[in-house]
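Step one of this worksheet: look at the structure below.
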Amino acid sequence: MAQTYGPVFSLYMAETHMVFVNGFSSVKEVLVTKGTEFAGRPIVPIIDYISNLKGIILAHYGQVWKEQRKFALTVLRNLGLGKRSMEERILDEATYLIQAFKENMSVPFDPYDVIGSAVTNIMSTLVFGKRFEYDDGSYRNLLELINKSAKLIISPWTLLFNTVPFVRKLPLPHQTLLKVTEEVLAFCTREVEEHKATHIRGQPRDFIDKYLEEIQKSENKGLGFEDSKLLVVVSDLFSAGSETTARTLQWALLYMVAFPEIQEKSQKEIDTILGENTCLKYKDRGKLPYTNAVIHEIQRFSNVLPLGVAHAPIKDVQFHGYTIPKGTMVFTNLVSVHHDKTQWKYPCEFNPSNFLNDEGDFLKPEAFMPFSAGPRMCLGENLARMELFLFFTSILRSFQVFWPDQSKAPDLTPNFGLTQFPNHFKVALKCRQQT
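Structure (structure tokens):
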């Protein structure tokens, strides 16, 4: 449609007016150049019903949102985001992940559950102050709820909820999403209540403790620091901080079995630079340009969050010759950015050379936007980047990952939900003897 109508076009879904922005230059203008003007969120009944206009990711633009985001980012940094302490947590979790892989080596297995558990445990240590065993029943149920909500949020029944008010209380399939949301919030509520009972003032253990102390400060009256917002913020961090990274690692394994020559080249680089006994560190990514390029190409090609999160102008905006009214739903097509022929050497194929210069050095093009950009960019970008590098390289150091069914090739067709994800697949593993 962009090829026919240009980089900016609009559609109506029932009575909802949606604007789609395509291509790097136009998307950059929305997210960065006019980032503040487009920093709002549209009114979406199902989202507003679920979040009650609270939280960080989906909350509407304003002073309360700014304070909540600023606080969350400050606390996460203080808890180790982007620091050596966080690197150690991820590497510790990687040992559990590698052990879980070893326990599944006898037969081909679907890696998503253990990957999801490992990734979610990182956010769990930040938010709840603890990790969960991979076979913990309540934990497994929570991961399944998060996975289910990501699929349901853009289902036809959800769209019906948004456009036909009288169906909202009827026993139709959209009620499943509402029930899933309630269960996630119930899990978070139990954790918050446990923290209230055990928290010692002045000795915060994690994000929840920090937030509880912030609620008690009188100067925060009117800035949104209250129990109901805490639940939504915790749900935001836990859900958003887990689903996208876990899906990216799921794609990573699928691409490695689909392109074994890329896997082998990356493993050789890791072995040559790090050897067998060297402890892996996040700063090692600078010594591993090819492997770093592979990880970035996985993000570019998989487009886990293909349309980002919907934006909305906070006032009427002039854009590409159009007036886009305040509150209009605006989607930035990140797939079009990551396949923009003016920005990439190989826009339509999986090729790590997209992130390498002629000398083989790593180079990140400006059009790389998996975390969005501007005022609404993902606040967990640094954490996600660290997780992707350390988990991915830990797996490749330990195993050769290969496709178990030689009668058919891996299916790289994405399923479209809030995130793009592959069909369930199984991989086979072989322990590597590093040289």
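Under our numbering, the sequence shown is numbered contiguously, ending at residue 435.
By construction, the Cβ of each residue, glycine as well, lies at the ideal position given by its N, Cα and C atoms.
Residue i versus residue j: straight-line alpha-carbon distance, rounded
| i | j | result |
| --- | --- | --- |
| residue 205 | residue 86 | 14 Å |
| residue 15 | residue 41 | 17 Å |
| residue 421 | residue 385 | 19 Å |
| residue 18 | residue 11 | 5 Å |
| residue 252 | residue 155 | 26 Å |
| residue 435 | residue 354 | Because the pLDDT at residue 435 is just 41, under 50, the model does not fix this residue reliably, and the value given afterwards should be weighed accordingly. Looking at the two C-alpha atoms, the distance is approximately 28 Å. |
| residue 263 | residue 398 | 12 Å |
| residue 416 | residue 323 | 30 Å |
| residue 93 | residue 282 | 14 Å |
| residue 7 | residue 337 | 11 Å |
| residue 278 | residue 394 | 12 Å |
| residue 20 | residue 105 | 45 Å |
| residue 73 | residue 241 | 13 Å |
| residue 148 | residue 169 | 20 Å |
| residue 247 | residue 88 | 22 Å |
| residue 307 | residue 200 | 42 Å |
| residue 137 | residue 171 | 28 Å |
| residue 95 | residue 410 | 27 Å |
| residue 419 | residue 371 | 13 Å |
| residue 9 | residue 319 | 11 Å |
| residue 203 | residue 250 | 37 Å |
| residue 296 | residue 66 | 29 Å |
| residue 78 | residue 210 | 10 Å |
| residue 259 | residue 107 | 21 Å |
| residue 5 | residue 254 | 35 Å |
| residue 356 | residue 166 | 54 Å |
| residue 288 | residue 413 | 29 Å |
| residue 90 | residue 103 | 20 Å |
| residue 482 | residue 230 | As displayed, the chain neither begins before 1 nor continues past 435, which places residue 482 out of reach and without an answer. |
Member of the options whose CA lies at the smallest distance from the CA of residue i
| i | options | result |
| --- | --- | --- |
| residue 60 | 328, 421, 380, 358 | 328 |
| residue 44 | 163, 21, 345, 369 | 163 |
| residue 68 | 418, 376, 239, 313 | 376 |
| residue 179 | 4, 46, 383 | 46 |
| residue 128 | 196, 174, 369, 177 | 196 |
| residue 238 | 374, 9, 419, 380 | 380 |
| residue 132 | 126, 142, 121, 141 | 121 |
| residue 58 | 235, 297, 317 | 235 |
| residue 383 | 84, 115, 194, 309 | 84 |
| residue 71 | 203, 37, 207, 298 | 207 |
| residue 174 | 189, 185, 144, 160 | 160 |
| residue 437 | 254, 182, 280, 271 | Only positions 1 to 435 of the chain appear in this structure, which leaves residue 437 out of reach. |
| residue 396 | 432, 367, 374 | 432 |
| residue 38 | 326, 150, 391, 313 | 313 |
| residue 186 | 153, 167, 139 | 139 |
| residue 142 | 188, 23, 36, 62 | 188 |
| residue 436 | 35, 352, 392 | There is simply no residue 436 to check, as the chain begins at 1 and stops at 435 in what is shown. |
| residue 309 | 270, 273, 226, 378 | 378 |
| residue 126 | 76, 256, 153 | 76 |
| residue 352 | 198, 276, 294 | 294 |
| residue 151 | 292, 177, 130 | 177 |
| residue 350 | 358, 321, 35, 256 | 256 |
| residue 311 | 373, 80, 115, 191 | 373 |
| residue 144 | 272, 116, 3, 153 | 116 |
| residue 292 | 276, 275, 267 | 267 |
| residue 225 | 22, 400, 64 | 64 |
DSSP beta-bridge partners of residue i
| i | result |
| --- | --- |
| residue 139 | Beta-bridge pairing links residue 139 to no other residue. |
| residue 324 | 317 |
| residue 330 | 19, 311 |
| residue 10 | 19 |
| residue 40 | 312 |
| residue 420 | 416 |
| residue 301 | Residue 301 pairs with nothing; no bridge assigned. |
| residue 399 | 431 |
| residue 356 | 362 |
| residue 109 | 427 |
Three or more C-beta pairs below 8 Å linking the region 211–218 and the region 88–103: no
Examine the Cβ distances between the region 393–412 and the region 351–365 and report whether three or more of them are shorter than 8 Å.
no
Does the region 315–334 come into contact with the region 30–39, if we say contact requires no fewer than three beta-carbon pairs (one atom in each stretch) closer than 8 Å? yes
*Determine contact between the region 412–430 and the region 109–127, defined as no fewer than three beta-carbon pairs at a distance below 8 Å.*
yes
Three-pair Cβ contact test at 8 Å for the region 49–63 versus the region 294–308:
no
Q: Any chance you could list the alpha helix (DSSP H) runs of at least 4 consecutive residues sitting entirely within the region 244–284, in chain order?
A: 260–274
Notebook entry, point to check: Going along the chain, which unbroken runs of the alpha helix (DSSP H) with 4 or more residues stay wholly within the region 182–245?
Noted result: 207–215
>> So within the region 46–126, which uninterrupted alpha helix (DSSP H) runs reach at least 4 residues, ignoring any that extend past its ends?
In response: 63–78, 84–102
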